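Q: Below is one structure. I have some questions about it.
There are 2 protein chains.
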Amino acid sequence: MADLAELAGVSKITVSRALSESPLVNAETRERIQALARKHGYKLNVSARNLRLRRSHTVAVIVEMKPSSGRTMWDPYPLSLLGGISQELTSAGYSVLLTTRQGATDAAVQAADGLILLGQGARQDAVRLYDKLGLPMVVWGAAAQGGDNHIVVGSDNRQGGISVAERFLSIGRRNPVFIGNPDHPEMAQRLFGFVDELAGHGIKPLLLRRADFTLESGVDAVRSLAARKVRFDAIFACSDLLAMGAIRALVELGLSVPNDVSVIGYDDTPLGASFLPPLSTVRQNWQEGGVLLARKVLGLIQGHAVQSQMMASTLVVRST
Amino acid sequence: MADLAELAGVSKITVSRALSESPLVNAETRERIQALARKHGYKLNVSARNLRLRRSHTVAVIVEMKPSSGRTMWDPYPLSLLGGISQELTSAGYSVLLTTRQGATDAAVQAADGLILLGQGARQDAVRLYDKLGLPMVVWGAAAQGGDNHIVVGSDNRQGGISVAERFLSIGRRNPVFIGNPDHPEMAQRLFGFVDELAGHGIKPLLLRRADFTLESGVDAVRSLAARKVRFDAIFACSDLLAMGAIRALVELGLSVPNDVSVIGYDDTPLGASFLPPLSTVRQNWQEGGVLLARKVLGLIQGHAVQSQMMASTLVVRST
DNA sequence: TTCGCAACTGCATACGAATGCACGGGCGTA
DNA sequence: TACGCCCGTGCATTCGTATGCAGTTGCGAA
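Chains as they are written, first to last, in our numbering: chain A, 140 to 459; chain B, 140 to 459.
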């Protein structure tokens, strides 16, 4: 900057102002300096500016590697969150610092202006850990049980569970099964909604615990039901893959979907939509969730009052 | 740091050294200062250190948003690259700055110590753009045509195409079809390998251009072949989804896979493996590619000589 | 005693940009 | 002519940390 100042015949502070579009400097001077900067390939030193301004225009996104259950944040769909986050932050002039939670806190995270936590960790430990940094923080996940002081954004898993229960009830199903992992807070919410709604009609669903969210796991789940000669006429699977596996196994067993057994998945993946038969499922808009997360952190960073928010999840009835 | 120094009764510079594990300071003093720092929740100012040390321990990963063809980097599998990158960089003490390429260069990118470019852009324009920053740079994609000066890592798409051709030849197929988008450099390589190998046996495949890499697109492609009454006995699809769509359409048409038509996909997605019938495909190890990318940038940053590298792609023969 | 060396510690300064305040000149008004 | 104001510019200083060099202390050897 000092060099540029010399070239332009002004002081370096005028250069600084010219490059940051300050109205304090004469328009013509500003143009001249900017042209000079371009010509000589001048690059602003971001570290220096961050130091002076005490902000980095950076938001750290912390991805949980070892989740409480089998589902990883590196799975395709949770990653759509990242897409939304990145899109929103970038267009607001912020950068995304991507970190995976493993061992010590990344030093660079401390320089961030805000934090987005993807996956709250078993017993909220991740939340507590990062709370200590004292940065604006927004968490993706199930709503906090108690009076926690950080913002939470998530889709309304409980409502999702209720919707599925309502659907099963409306088509006269009496022996529903839930496949998923209740240790995962989000899945637990789905289960609670599902169970509560059914209980209102005197029905108690069977809980089939599965930690993997793969097609194979779904196949296996249904086979185990058959092996145990369980009587069931509806399946609520915690992911589309599980649901597709379940359907495959049902077909193998000679059962008809949805005549003998109704199946509803979760996430509304493109794959489920083009599955044969097209999968009924609960839609979660991950992308939009990411955008929302980003907006909330930005709000906090700018000192606005911001509230937790649950995103509606909607049942998409197709053919299963 | 000055405050800590006062508390500990030493100068701030001793504090600095104590916190960075410098052997210059007395072990006992160091312990005392570190304890004090912990107690008062002292946080190192990363911006200041970056300024002083002229490095940020950060690598920018630039994801191309609008690719030359229908495939987005936000698709699940390219994202595995990110997983590998993140894993490797984090464990080397580096942070990942995630940027999407849209409009102006993110200021924070300039502060990075190195660059990883995911998707080289049509006509290498992205590469040229970022080359100007003068940072160590590694690009994921097809090998550069000419004497470019940046490092390229990618899977050997040409070899992949050759393997598929060899397979088709070995099982006596004479009328192969290629489904994909040759505008995309990586797909183009697959096509070239495929065509060249077949040409050696006097066979010229049919090229069916498809920009979308969805199941629907695969269905549609095969239907159009049927509508045009094209004679074919083998399909090389540029993605597993395309291949699965193709198979579905073939089955609808009453054709048997693989008896009437052989189908080979690309990427070896878990989904393809559990498809019915299990999909034959070409395996690309994205995760490992990410690790490799990360290692190369780190090498460049440390001033080592580093070379471009193609990762072998292997044909996985299953049932199609 | 004196010197040399080792082990610590501290001073001054640098890193590159941005802010508060002051300064100089041009212009309009009284 | 004198005064005040605005526009444009520059000086000094600040942000928080790390390095080169210099200083201090204690101990053993000459």
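Quick reminder that beta carbons are idealized off the backbone N, C-alpha and C, glycines included. Remember, predicted model here, so these are calculated numbers, not experimental data.
1. Would you mind working out which of Ala141/B, Thr239/B, Trp279/B sits nearest Val436/B, comparing C-alpha positions?
2. Buried or exposed for Val266/A, please, with buried defined as at least 16 other CB atoms from any protein chain shown within 10 angstroms of its CB.
3. List the residues of chain B that Leu431/A touches, going by C-beta distances under 9 angstroms, in chain order.
4. Run through the segment 246–279 of chain A for me and flag every whole beta strand (DSSP E) of 3 or more residues, listed as ranges in chain order.
5. In angstroms with no decimal places, state the Cα-to-Cα distance between Ser195/A and Met449/A.
6. DSSP has Gln448/A in a bridge; who is on the other side?
7. Is the CB-CB distance between Leu354/A and Leu380/A below 8 angstroms?
8. What residue does the beta strand (DSSP E) around Pro344/A start on, and which one ends it?
9. Over what stretch of residues does the beta strand (DSSP E) that includes Asp406/B continue unbroken?
10. Flag this pair as yes or no: are the beta carbons of Val248/A and Leu221/A separated by less than 8 angstroms?
11. To test your reading of the DSSP string, which unbroken beta strand (DSSP E) runs of 3 or more residues are found completely within the segment 150–198 of chain A?
12. Have a look at Lys151/B and His289/A and give me their C-alpha separation to the nearest angstrom.
13. Just reading off the beta strand (DSSP E) that Arg422/A is part of, what are its end residues?
14. Is there at least one Cβ from chain B nearer than 8 angstroms to Leu175/A's Cβ?
15. Kindly list the residues whose CB is nearer than 7 angstroms to the CB of Arg156/A, restricted to its own chain and excluding five residues on each side of it in sequence; keep chain order.
16. Can you tell me which of Leu347/A, Leu256/A, Asp351/A, Ala451/A puts its alpha carbon nearest to the alpha carbon of Val369/A?
17. For Gln423/A, does the count of other Cβ atoms within 10 angstroms reach 16, so buried, or fall short, so exposed?
18. What is the DSSP secondary structure of Ser356/A, counted as helix, strand or coil?
19. Tell me whether the beta-carbon of Met276/B lies closer than 8 angstroms to the beta-carbon of Gly253/B.
20. Does the CB of Thr238/A have a neighbour CB from chain B at under 8 angstroms?
21. Are the CB atoms of Leu345/A and Ala365/A within a distance shorter than 8 angstroms?
22. So, are the CB atoms of Val455/B and Thr408/B less than 8 angstroms apart?
23. Taking the beta carbon of Ile310/A as the centre, do at least 16 other beta carbons fall within 10 Å, making it buried, or is it exposed?
24. Which whole-angstrom value is the C-beta distance of Val316/A and Ile374/A, which I expect to be below 8 angstroms?
25. For Val185/B, would you say it is in contact with chain A, using Cβ-to-Cβ distances shorter than 8 angstroms as the test?
26. Apply the 10 Å Cβ neighbour rule to Ala304/A and answer buried if 16 or more other Cβ atoms are within range, or exposed otherwise.
27. If you draw a straight line from the C-alpha of Ser219/A to the C-alpha of Phe414/A, how long is it?
28. Quick check on DSSP: helix, strand or coil for Gly222/A?
29. Val445/A to Leu439/A, Cα distance in whole Å?
30. With burial defined as no fewer than 16 other Cβ atoms inside 10 Å of the residue's Cβ, what is the status of Glu203/A: buried or exposed?
31. With 9 angstroms as the C-beta to C-beta threshold (strictly closer), list the residues of the segment 331–356 of chain A near chain B in chain order.
32. If you follow the alpha helix (DSSP H) that Arg434/B is in, where does it begin and where does it stop?
33. When DSSP labels each residue in this structure, what does Phe333/A get in the three-state scheme?
34. Does the Cβ of Gly339/A have 16 or more other Cβ atoms within 10 Å, making it buried, or fewer, making it exposed?
35. To the nearest angstrom, report how far apart Gly442/B and Thr197/B are at their CA atoms.
A: With the given structure in hand:
1. Taking the second sequence and counting its residues from 1, one reaches residue 436/B at position 297. Residue nearest to Val436/B within the set Ala141/B, Thr239/B, Trp279/B is Trp279/B (criterion: CA-CA distance).
2. Along the first sequence, one-based indexing puts residue 266/A at 127. Per the 10 Å Cβ criterion, buried.
3. Within the first sequence, numbered from 1, the residue matching residue 431/A stands at position 292. Going along chain B, no residue has its Cβ under 9 angstroms from Leu431/A, so there is no contact; the nearest lies around 17 angstroms.
4. If we require 3 residues or more, the beta strand (DSSP E) runs fully inside the segment 246–279 of chain A come out as 253–257, 276–279.
5. By one-based count along the first sequence, residue 195/A stands at place 56. By one-based count along the first sequence, residue 449/A stands at place 310. Spanning the two alpha carbons is a distance of roughly 29 angstroms.
6. Stepping through the first sequence from its first residue, residue 448/A is reached at position 309. According to DSSP, Gln448/A bridges with Val292/A.
7. On the first sequence, residue 354/A is found 215 positions in, with the first residue counted as 1. On the first sequence, residue 380/A is found 241 positions in, with the first residue counted as 1. Going by C-beta atoms, Leu354/A is nearer than 8 angstroms to Leu380/A.
8. Taking the first residue of the first sequence as position 1, residue 344/A is located at position 205. That residue, Pro344/A, is in no beta strand (DSSP E); it is neither H nor E in DSSP.
9. For this step, residue 406/B is matched to residue 267 along the second sequence. Its beta strand (DSSP E) spans residues 401–406.
10. Your numbering for residue 248/A matches position 109 in the first sequence. Your numbering for residue 221/A matches position 82 in the first sequence. Result no, Cβ atoms of Val248/A and Leu221/A do not sit closer than 8 angstroms.
11. none
12. Walking along the second sequence from the start, residue 151/B turns up at place 12. Walking along the first sequence from the start, residue 289/A turns up at place 150. Each residue's alpha carbon lies about 34 angstroms from the other.
13. Here residue 422/A refers to the residue found at position 283 of the first sequence. Counting along the chain, the beta strand (DSSP E) containing Arg422/A begins and ends at 419–422.
14. Looking up residue 175/A in the first sequence gives position 36. Output row for Leu175/A: interface = no.
15. In the first sequence, counting from the first residue as 1, residue 156/A sits at position 17. Hits under 7 angstroms: Leu163, Val164.
16. In the first sequence, residue 369/A corresponds to position 230, counting from 1. Check the Cα spacing between Val369/A and each of Leu347/A, Leu256/A, Asp351/A, Ala451/A: the tightest is with Leu347/A.
17. Locating residue 423/A in the first sequence gives position 284, counting from the first residue. Counting of Cβ neighbours within 10 angstroms places Gln423/A among the buried residues, the total reaching 16 or more.
18. Here residue 356/A refers to the residue found at position 217 of the first sequence. In the structure shown, Ser356/A sits in a helix (DSSP, three-state: H, G or I).
19. The count along the second sequence starts at 1 and reaches residue 276/B at position 137. The count along the second sequence starts at 1 and reaches residue 253/B at position 114. Closer than 8 angstroms, so yes.
20. As a working note, residue 238/A is residue 99 in the first sequence. So, interface residue.
21. Taking the first sequence and counting its residues from 1, the one referred to as residue 365/A is at position 226. Taking the first sequence and counting its residues from 1, the one referred to as residue 345/A is at position 206. It is not a contact, given that the beta carbons lie outside the stated cut-off.
22. Taking the first residue of the second sequence as position 1, residue 455/B is located at position 316. Taking the first residue of the second sequence as position 1, residue 408/B is located at position 269. No, the pair does not count as a contact, with Cβ atoms beyond the cut-off.
23. The count along the first sequence starts at 1 and reaches residue 310/A at position 171. It counts as exposed.
24. One-based indexing of the first sequence puts residue 316/A at position 177. One-based indexing of the first sequence puts residue 374/A at position 235. Right, the Cβ-Cβ distance comes to about 5 angstroms (below 8 angstroms), so this counts as a contact.
25. As a first step, residue 185/B is located in the second sequence; it is residue number 46 there, counting from the start. Yes - at least one Cβ of chain A is within 8 angstroms of the one on Val185/B.
26. Taking the first residue of the first sequence as position 1, residue 304/A is located at position 165. Under the 10 Å beta carbon count, Ala304/A is surrounded by 16 or more other beta carbons and is classified as buried.
27. Indexing the first sequence from 1 puts residue 219/A at position 80. Indexing the first sequence from 1 puts residue 414/A at position 275. Roughly 21 angstroms between the two C-alpha positions.
28. Counted from its first residue, the first sequence places residue 222/A at position 83. In this structure, Gly222/A counts as helix in the three-state DSSP scheme.
29. Here the question's residue 445/A lines up with position 306 in the first sequence. Here the question's residue 439/A lines up with position 300 in the first sequence. Spanning the two alpha carbons is a distance of roughly 6 angstroms.
30. For this step, residue 203/A is matched to residue 64 along the first sequence. Glu203/A should be labelled buried.
31. The segment 331–356 of chain A vs chain B, Cβ under 9 angstroms: Thr353, Leu354, Glu355.
32. Translated into positions along the second sequence, residue 434/B becomes position 295. Residue range 425–440 is occupied by the alpha helix (DSSP H) that includes Arg434/B.
33. Here residue 333/A is taken as the residue at index 194 of the first sequence, counted from 1. Under the three-state reduction of DSSP output, Phe333/A falls in the helix class.
34. Translated into positions along the first sequence, residue 339/A becomes position 200. Gly339/A comes out exposed.
35. In the second sequence, counting from the first residue as 1, residue 442/B sits at position 303. In the second sequence, counting from the first residue as 1, residue 197/B sits at position 58. So the two alpha carbons sit approximately 16 angstroms from each other.
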